[in-house]
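Every number in my numbering is 488 more than the matching position in the sequence shown, counting from 1.
Built from N, CA and C at the ideal position, the CB exists for glycine as well.
Have a look at the structure below, then the notes.
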Amino acid sequence: MTASPITLPATPARTATGRRWSQRLAMRLAATDALVVALTVLVAHLAAFGAAGRAATTSRYAADLPYAVISLGLAVLWLTALWVVDSRDEDEIGTGTTEYRRVIRAGVATLVITIVVGFFLGIDLSRVWASAVVPAGTALLLAGRWGWRRHLMRRRALGLDSHRVVLLGSTSTVVSTALDLARQPGHGYRVVGVALTDGPSEGTVADLRIVGAVDDVPNALRALEADTVIATSSEHLSAERLRDLAWHLDPQQHHLVVAPSITDVGGSRIHLRPVAGLPLIHVETPHQAGLGRAMKRVFDVVVASIALVILAPVLLVVSVLVHRDSPGGVLYRQERIGRDGEPFSILKFRSMTADADVRRTELTAGLGKGLFKMADDPRITRVGRVLRRYSLDELPQLINVLRGEMSLVGPRPALPSEVSEYDRRELRRLAVTPGLSGLWQVSGRSDLEWADGIRLDLYYVENWSMTQDLQILWRTARAVVTSSGAY
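Shown next, in the form of structure tokens:
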């Protein structure tokens with residue numbers, strides 16, 4: 489049976505939508521870009537030439553070409569390049585890496601064009617000036633974008649400056665998508681209503697307001713001042729139906745986003761390939777072997793070696809404190825399962841009483857599957873509580889990293905008892921070397937539920953990249969300093 493077309497009022501009322509925040513942000517970015525470029529070029533000009541320095545150069549067409557003119561031309565060219573590459577695209581700013589890549593692309597284009605034009609016009613450019621001003625300015629532009637993004641993330645955590653979203657699809661996919669979006673408010677999608685293809689047209693589902701069926705979506709967007717429709721997979725939502733819906737959305741106000749059924753896939757693994765009118769999504773298969781693994785290992789060895797040398801005084805002080813605080817050894821060894829199921833002994837500064845393993849049995853009685861963590865564990869010593877708060881108890885694991893048993897970043901090292909309960913999906917965590925830190929460490933640490941920790945570890949395994957490792961290490965440092973989620 490063919491679905492009936494969507495019907496709308498003859499003169500639909502236009503309402504303000506959540507797009508205003510993106511327009512304001514784009515204007516602020518434009519002002520920041522102009523300020524950064526102007527100051528960078530001005531400072532570089534004064535530093536290289538100044539009032540008493542060489543203020544002019546020669547060219548094939550001018551014997552006395554002022555460097556002030558060249559600097560002004562560079563600034564105009566740079567700002568034009570930022571505009572041409574669409575570095576302030578309202579659909580890209582505030583999330584993902586596309587925005588940063590476009591800023592870098594504009595900088596590269598500016599430098600190349602400057603050199604090429606200078607060559608063909610015979611302009612004698614200062615090599616120091618030409619090679620320093622654009623890289624330095626690009627770094628400052630990226631810092632400015634990062635600063636605005638942090639500001640945006642803070643506002644989004646408060647429910648502000650986000651796309652107001654109506655979810656469309658089956659009950660199960662709509663609820664699942666809503667939960668995924670709620671976990672990451674920083675991405676800027678705030679669900680304000682749902683339209684079900686297999687359920688009631690009013691009421692609530694999972695505390696989400698039902699705004700009607702497919703036919704009601706355009707009017708619901710206007711009534712809720714929403715700007716985005718996210719269509720999830722549903723056997724009751726055909727391609728023809730989606731095309732029909734797109735025709736009835738306001739192109740200046742509304743966006744249609746299609747969410748595929750596959751989840752937890754990193755952006756670097758996704759490529760859109762339109763073929764014969766079909767928007768095919770190519771998903772790269774997970775892989776951890778080859779040059780990437782070798783680079784990761786070299787990075788681990790270098791960083792762990794340097795860290796052990798620098799932190800040697802800290803290790804010595806902590807060893808003395810642990811020894812004096814309570815009876816027992818300084819180091820605690822425990823069997824964990826590493827890559828490909830290989831067991832190894834993980835090293836930690838002892839933060840519990842000597843009989844901690846014996847008392848664990850009585851404390852875990854009646855608990856089900858999952859990671860055992862207690863906020864007020866009676867086995868933790870006075871010094872141990874401080875060590876755990878700032879993750880100092882894990883510093884000896886740098887030795888595990890040097891041995892190749894662990895990596896600086898990876899899934900949480902699992903206990904044999906945990907691995908024995910893994911299903912086939914969870915066993916994929918063992919495809920890579922466990923880490924001293926990981927997504928679990930920077931996303932809540934001990935506060936995470938078992939299922940969330942597994943999901944984050946699997947996401948890491950399937951979407952590994954060196955860039956992601958560096959980001960996790962940076963976030964780890966912040967989490968340790970703030971002692972968030974640690975006990």
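- Residue closest to glycine 872, alpha-carbon to alpha-carbon, out of Leu779, Ser807, Val679: Ser807
- CB-CB under 6 Å to proline 901, same chain, minus the five flanking residues each way: which ones, in chain order? Arg824, Ile834, Pro922
- Message: At the level of alpha carbons, what is the spacing between arginine 671 and threonine 583?
- Response: 15 Å
- Task: Kindly indicate which three-state DSSP category glutamate 587 falls into: helix, strand or coil?
- Result: helix
- Message: Can you check which of these residues, Leu684, Thr685, Ala666, Leu530, is closest to tyrosine 677 by C-alpha distance?
- Response: Ala666
- Task: Identify, in the order they occur along the chain, each residue of the same chain with its Cβ nearer than 7 Å to the Cβ of isoleucine 758, setting aside the five sequence neighbours on each side.
- Result: Ile769, Val771
- With burial defined as no fewer than 16 other Cβ atoms inside 10 Å of the residue's Cβ, what is the status of methionine 515: buried or exposed? exposed
- Message: In whole angstroms, give me the CA-to-CA distance for alanine 708 and proline 688.
- Response: 15 Å
- Message: DSSP three-state label for isoleucine 697, please.
- Response: Strictly speaking, residue 697 in this sequence is arginine, with isoleucine absent from that position. Of the three classes helix, strand and coil, the one that applies to arginine 697 here is strand, per DSSP.
- Item | Boundaries of the beta strand (DSSP E) in which arginine 824 is found, first to last residue | 819–825
- Rounded C-alpha distance that separates histidine 811 from asparagine 888: 22 Å
- Item | contact_flag[the segment 627–640, the segment 517–528] where n(CB pairs < 8 Å) is 3 or more | yes
- Message: Taking 8 Å as the cut-off, does the segment 733–751 touch the segment 702–721 (at least 3 CB pairs, one atom from each stretch)?
- Response: yes
- Please name the residue, chosen from Thr692, Leu918, Glu713, that lies closest to phenylalanine 832 on a Cα-to-Cα basis. Leu918
- aspartate 881 and lysine 836 closer than 8 Å at C-beta: yes
- Do alanine 683 and aspartate 704 have their CB atoms nearer than 8 Å? yes
- Answer yes or no: the CB of glutamate 728 versus the heavy atoms of the ligand ATP, is any distance below 7 Å? This structure simply doesn't include the ligand ATP, nor any ligand for that matter.
- Nearest-angstrom Cα distance between valine 699 and glutamate 690? 6 Å
- Task: With a 10 Å radius around its C-beta and 16 neighbouring C-beta atoms as the bar for buried, classify arginine 827 as buried or exposed.
- Result: buried
- Task: Rounded to whole angstroms, what's the CA-CA distance from glutamate 893 to proline 904? Just pull it up for me.
- Result: 15 Å
- Message: Quick check: the Cα distance between valine 753 and serine 664, rounded to an integer number of angstroms?
- Response: 15 Å
- Task: Assign alanine 535 to one of two classes, buried (16 or more other C-beta atoms within 10 Å of its C-beta) or exposed (fewer than that).
- Result: exposed
- Give me the Cα-Cα distance between leucine 483 and leucine 804, rounded to the nearest whole angstrom. Because the chain is modelled from 489 through 975, residue 483 falls outside the range shown and cannot be assessed.
- Item | leucine 513 beta carbon less than 8 Å from that of leucine 640 | yes
- Message: Which residues does DSSP list as the beta-bridge partners of threonine 990?
- Response: Look at the range of the chain in this structure, 489 to 975, and you will see that residue 990 is not part of it.
- Message: Assuming contact is defined by CB atoms lying nearer than 8 Å, are glutamine 603 and alanine 618 in contact in what I supplied?
- Response: The sequence shown places isoleucine at residue 603, rather than the glutamine named in the question. Yes, the pair counts as a contact, with Cβ atoms nearer than the cut-off.
- Distance, Cα to Cα, alanine 967 vs valine 930? 6 Å
- Message: Taking the straight line between their C-alpha atoms, what separation do you get for aspartate 985 and aspartate 686?
- Response: As displayed, the chain neither begins before 489 nor continues past 975, which places residue 985 out of reach and without an answer.
- Taking only beta-carbon atoms, is valine 702 less than 8 Å away from chain D? Structure shown: chain D not included; a single protein chain is present.
- Query: Out of Pro762, Arg781, Ala556, His743, which has the shortest C-alpha to C-alpha gap to histidine 651?
  - Reply: His743
- Message: Using the three-state DSSP reduction, which class does tyrosine 878 fall into: helix, strand or coil?
- Response: coil
- Task: For the beta strand (DSSP E) containing alanine 683, list its first residue and its last residue.
- Result: 677–684
- Query: DSSP state of arginine 638, grouped into three classes?
  - Reply: helix
- State the start and end residues of the unbroken beta strand (DSSP E) segment that holds valine 564. Counting along the chain, valine 564 falls outside any beta strand (DSSP E), though it belongs to the alpha helix (DSSP H) covering 555–572.
- Item | Cβ neighbour criterion (16 or more within 10 Å) applied to isoleucine 798 | exposed
- Task: Kindly identify the DSSP beta-bridge partner or partners of phenylalanine 832.
- Result: Arg824
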